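>
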Amino acid sequence: MVIESSRSSVKFLSFKLSRVRYVSQPEVQQQELVVTGSWMEEVNRLCLWRFDYGEQIDSGRFKPTSEQEDGVSPGVLGDSADEPRLVHSIVHTGWVQDLKVHRPTRLIVSASSTGTLEVCRTDDTSMKLSRLTSPWMPFGQTPFPSNLPIALSTLSLSSDGKQIYVGDDLGRLAAVQVDRLPVAADVTDAQISQQEQPMSNDFSPISQTGADIASVNALERVDASSLAGVNQLGQLKVWDLRCGLDKPQQRLIRPSETQPLYCLSHHPGQPHLLAVGGVEGSGTPAYIWDLRADQYPLTEVACQGRSVWEVGFHPRQPQHLYLATETAGLLQISCRNETGSWTGFKGSRRKLVVGSALPTGTTARNVISFDMTNTQLICGHSDAILQTTSCETFSPSETQPLYCLSHHPGQPHLLAVGGVEGSGTPAYIWDLRADQYPLTEGACQGRSVWEVGFHPRQPQHLYLATETAGLLQISCRNETGSWTGFKGSRRKLVVGSALPTGTTARNVISFDMTNTQLICGHSDAILQTTSCETFS
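Residue numbers 0 to 535, in numbering that gives the first Met the number 0, belong to the letters of the sequence shown in order.
So, in structure tokens, the structure goes:
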């Protein structure tokens with residue numbers, strides 16, 4: 000059973016957050032587990048949090064646990080009663096520079112300021128983080144006489160979770176095979192926290208290496224053969240993984256800008272489109288890049304924020320883009336052109352709608368990390384605040400159930416779909432040849448549509464069994480009698496009752512028809528037969 004959630008909370012922490020990620024798939028509306036990483040602390044940690052678990056913790060039925068910070072005292076972190084609740088934490092070697100979750104397998108991969116890579120996994124039964132690998136250095140010991148570690152700056156995962164792509168502050172790149180990483184050794188927590196520079200001379204997990212000319216700030220696996228990255232010089236590069244990481248296949252530069260780029264994220268339905276964020280400089284801090292373009296960004300995202308730390312498209316409604324900014328909080332930027340596609344802008348800013356994604360009254364403005372599902376947002380503020388809220392872009396009508404569908408008898412790519420009304424119409428005509436949006440909204444009353452069907456011989460007439468308006472007949476009155484001529488307009492739809500005048504039972508739950516007759520069942524145990532008036 001899918002549970003609707005409207006949770007919104009602000010939680011104050013005792014440590015500084017660097018990354019926050021949901022563990023479950025984005026389609027799951029009730030998210031239960033969240034993982035966070037910390038930085039700039041004497042002892043840094045990966046923490047596992049759970050929603051709706053306060054009663055079990057407060058009653059003592061579940062006891063949160065934390066690894067020891069040293070050989071003597073337990074490292075129990077303080078936690079408040081606000082959601083989500085801390086259930087487990089483990090000590091992390093150095094600052095958590097980046098954190099990625101492979102949701103199908105619950106693998107969690109972290110990049111450290113000490114130059115190490117670590118892999119762990121969540122356990123839904125015990126509510127714990129389990130280490131799968133020991134801290135491992137993909138680039139070995141530092142080449143400098145000072146022997147200071149070179150931090151890993153970013154990482155990315157392949158879609159199957161078997162490959163990790165890492166970059167560091169020197170611009171070095173590596174592709175790492177997860178199944179070849181050294182298995183976690185049986186060491187004490189004290190050894191983990193006190194380990195200044197983990198040693199590793201085994202480079203067998205590395206399948207490819209390469210280098211950039213500056214610090215690599217973000218990597219993103221675009222598709223099966225491409226890896227994209229942004230660096231400290233404001234460059235975006237794309238490597239063809241079939242040719243290796245030695246030389247990028249594409250190099251894109253912001254016009255008249257050499258300010259750093261910090262983050263990037265690809266469009267879920269159009270992987271050639273990348274959202275990129277960085278330092279504002281003399282222009283905008285964010286862009287939409289089209290990898291098919293030769294040199295310049297397709298769209299400048301005009302917004303405030305000074306710097307953009309993380310960026311991401313909504314997983315189900317990618318016409319909405321989210322930016323974690325330094326001074327403007329978490330921004331939501333919506334593409335309001337007719338198709339809802341970023342490719343229609345051609346550089347114009349006029350159809351971008353910019354606003355805050357956080358509730359009114361939120362005072363903490365520097366959002367450094369965030370993650371989202373179809374219906375929820377969670378973000379970490381620089382002043383040790385973990386905030387959860389709903390995605391306001393996902394209106395109630397868009398998350399209401401759909402109950403029925405029926406295809407056009409002469410054009411099977413056209414589907415009539417019905418469901419709960421919500422804040423919009425309860426019925427649509429969908430064209431399967433269209434990328435994303437309904438061709439025609441079936442503007443009608445009825446609250447809910449239980450069954451839907453085209454007339455078998457005159458498919459310009461559509462019938463809907465509704466909860467409050469009985470059996471409706473919607474007719475397409477354009478010249479051709481075809482639903483494809485509407486292009487979203489409701490003006491040529493004629494809506495009326497398909498039942499005789501005086502019918503009082505309004506909740507029709509099922510119906511069927513022939514060329515000349517209709518039969519329907521009402522919720523109050525009535526079976527009604529009538530003629531199809533549309534068939535003259």
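Even for Gly, the Cβ is constructed at its ideal location relative to N, Cα and C.
Everything numeric in this text was worked out from a predicted model, so none of it was measured.
#1: Does the CB of MET126 have a neighbour CB from chain B at under 8 Å?
#2: Give a yes or no on whether the C-beta atoms belonging to PRO270 and ASP211 are separated by under 8 Å.
#3: Would DSSP call GLU440 helix, strand or coil?
#4: Cα-Cα, which of TYR286, CYS262, SER157 is closest to SER224?
#5: Does the count of Cβ pairs from the stretch 154-174 and the stretch 120-133 closer than 8 Å reach three?
#6: Which residues does DSSP pair with ASP97 in a beta bridge?
#7: Counting C-beta neighbours from all protein chains within 10 Å, is the total for VAL352 16 or more, i.e. buried, or is it exposed?
#8: Nearest to ALA274 by CA position, among THR500, LEU492, CYS334, is which residue?
#9: Have a look at PHE14 and ARG105 and give me their C-alpha separation to the nearest angstrom.
#10: Assuming GLU309 and ALA323 form a contact by the criterion Cβ under 8 Å, report the distance between their Cβ atoms to the nearest whole angstrom.
#11: To the nearest angstrom, report how far apart PRO400 and ASN514 are at their CA atoms.
#12: Judging by CA-CA distance, which residue of ARG456, ILE107, LYS10 is the nearest neighbour of GLY77?
#13: Helix, strand or coil: how does DSSP classify TRP449 here?
#14: Can you list, in chain order, the residues of its chain whose CB lies under 6 Å from that of ARG130, leaving out five sequence neighbours each side?
#15: Could you give the uninterrupted runs of the beta strand (DSSP E) lying entirely in the stretch 155-234, keeping only those of 3 residues or more?
#16: With burial defined as no fewer than 16 other Cβ atoms inside 10 Å of the residue's Cβ, what is the status of LYS236: buried or exposed?
#17: Within the continuous alpha helix (DSSP H) that includes GLY53, where are the two ends?
#18: SER306 to GLN331, Cα distance in whole Å?
#19: Given the structure, does ASP159 come close to the ligand MG, in the sense that its CB is under 7 Å from one of the ligand's heavy atoms?
#20: Starting from the C-beta of GLY452, find all residues in its chain whose C-beta is less than 6 Å away, skip the five residues before and the five after it, and write them out in chain order.
#21: How many Å lie between ASN528 and GLY417 at the Cα?
#22: For a quick check, are the C-beta atoms of SER8 and ASP57 less than 8 Å apart?
#23: With distances taken between CB atoms, is the gap from LEU547 to ALA383 smaller than 8 Å?
#24: Might you give, ordered along the chain, the residues of its own chain that have their beta carbon closer than 6 Å to the beta carbon of GLN207, omitting 5 neighbours on each side?
#25: Out of ASP370, GLU279, LEU431, which one is the CA nearest neighbour of LEU414?
#26: Within a Cβ cutoff of 6 Å, which residues of the same chain sit near LEU180, ignoring the five residues on either side of it in sequence?
So, from the listed chains and residues:
#1: Absent from the structure is chain B; it holds one protein chain and no more.
#2: Not closer than 8 Å, so no.
#3: Three-state DSSP puts GLU440 in a strand.
#4: Cα-wise, what sits closest to SER224 is SER157.
#5: They do not touch, by the three-pair rule.
#6: BP columns for ASP97 point to ALA110.
#7: Looking at its Cβ environment, which holds fewer than 16 other Cβ atoms inside 10 Å, VAL352 is exposed.
#8: Relative to ALA274, the option among THR500, LEU492, CYS334 whose CA is nearest is CYS334.
#9: Rounded to the nearest whole angstrom, the C-alpha separation of PHE14 and ARG105 is 24 Å.
#10: Their Cβ separation, rounded to whole angstroms, is 4 Å, which keeps GLU309 and ALA323 in contact under 8 Å.
#11: PRO400 and ASN514 have their C-alpha atoms some 30 Å from each other.
#12: The candidate whose alpha carbon is nearest that of GLY77 is LYS10.
#13: Under the three-state reduction of DSSP, TRP449 is assigned to strand.
#14: Within the same chain, ARG130 has close Cβ partners CYS119, ALA183.
#15: Counting whole runs of 3 or more residues, the stretch 155-234 contains the beta strand (DSSP E) stretches 162-167, 171-176, 205-210, 215-220, 225-230.
#16: That one is buried.
#17: Note, GLY53: alpha helix (DSSP H), 53-57.
#18: Cα to Cα, the separation comes out at about 15 Å.
#19: Here there are no bound small molecules, and the ligand MG is not part of this structure.
#20: Closer than 6 Å at the Cβ level, and outside the excluded window around GLY452, lie SER405, TYR462.
#21: The identity of residue 528 in the sequence shown is Thr, whereas the question assumes Asn. Cα atoms of THR528 and GLY417: separation of roughly 23 Å, rounded to the nearest angstrom.
#22: For SER8 and ASP57, no; Cβs fall outside 8 Å.
#23: Outside the displayed span of the chain (0 to 535) sits residue 547, for which this structure offers no information.
#24: Contacts found: ALA174, GLY243, LEU244.
#25: Of the listed residues, the one whose Cα sits closest to LEU414 is LEU431.
#26: Shown here for LEU180: same chain residues with a beta carbon closer than 6 Å to its own, the five before and five after excluded, namely THR132, TRP135, PRO204 in chain order.
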